[in-house]
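**Q** Numbering (the working numbering) for the sequence shown: 63 to 156. Cβ coordinates follow ideal geometry from the N, Cα and C atoms, glycine included.
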Amino acid sequence: MSVLVKNLMEDIVDRKLDKMLPQLNVCTCDICKTDILCFALNRLKPKYVSTSQGELLSRIDSLSATFDIAIITELTAGAEIVRKNPRHSVQQDS
Ligand SMILES: [Zn+2]
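#1: For S156, which of helix, strand or coil comes out of DSSP?
#2: Measuring from each Cβ to the nearest heavy atom of ligand 1, keep the ones under 6 Å and list them in chain order.
#3: What separation, rounded to the nearest whole angstrom, lies between the Cα atoms of L137 and K109?
#4: With 16 other CB atoms within 10 Å as the buried threshold, where does D80 fall?
#5: With DSSP collapsed to three states, give me the class of L4.
#6: Assuming A102 and V67 make a contact with CB atoms under 8 Å, what is their CB distance in whole Å?
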């Protein structure tokens, strides 16, 4: 049985971004979403866990309220930067 090392933060931040996206007032294409994700993940401490294959991690939505606040802060900051400097030409958004 193989054991994997996984950065739990990736899943958590990804899911959080999906929830926050409608309120962030930012382009929601894959390029911009990934940019916001990378920005946040680079600033947040990774949370590595070892997991055997097939183990369910999806039920973990957040680690603690402190983590939650940090994640929201970094995602909001990332969205701000992407909104000002999208990596693609500006879209027909009002
Ligand atoms: Zn975009």
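**A** According to the structure data:
#1: For the purposes of this step, residue 156 is taken as the residue at position 94 of the sequence shown. Confidence is the limiting factor: at S156 the pLDDT is only 46, short of 50, which leaves the residue's position unreliable, though a coordinate-based value still follows. Note: S156 maps to coil in three-state DSSP.
#2: In chain order, the hits are C89, C91, I93, C94, P148, H150.
#3: Counting from 1 along the sequence shown, the entry for residue 137 is found at position 75. Counting from 1 along the sequence shown, the entry for residue 109 is found at position 47. Distance between the alpha carbons of L137 and K109: 17 Å.
#4: Numbered from 1 along the sequence shown, position 18 holds the residue referred to as residue 80. Label assigned to D80: exposed.
#5: Examination of residue 4 is not possible in this model, given that the chain is present from 63 through 156 alone.
#6: Within the sequence shown, the letter at position 40 stands for residue 102. Within the sequence shown, the letter at position 5 stands for residue 67. The Cβ separation is near 20 Å, so there is no contact.
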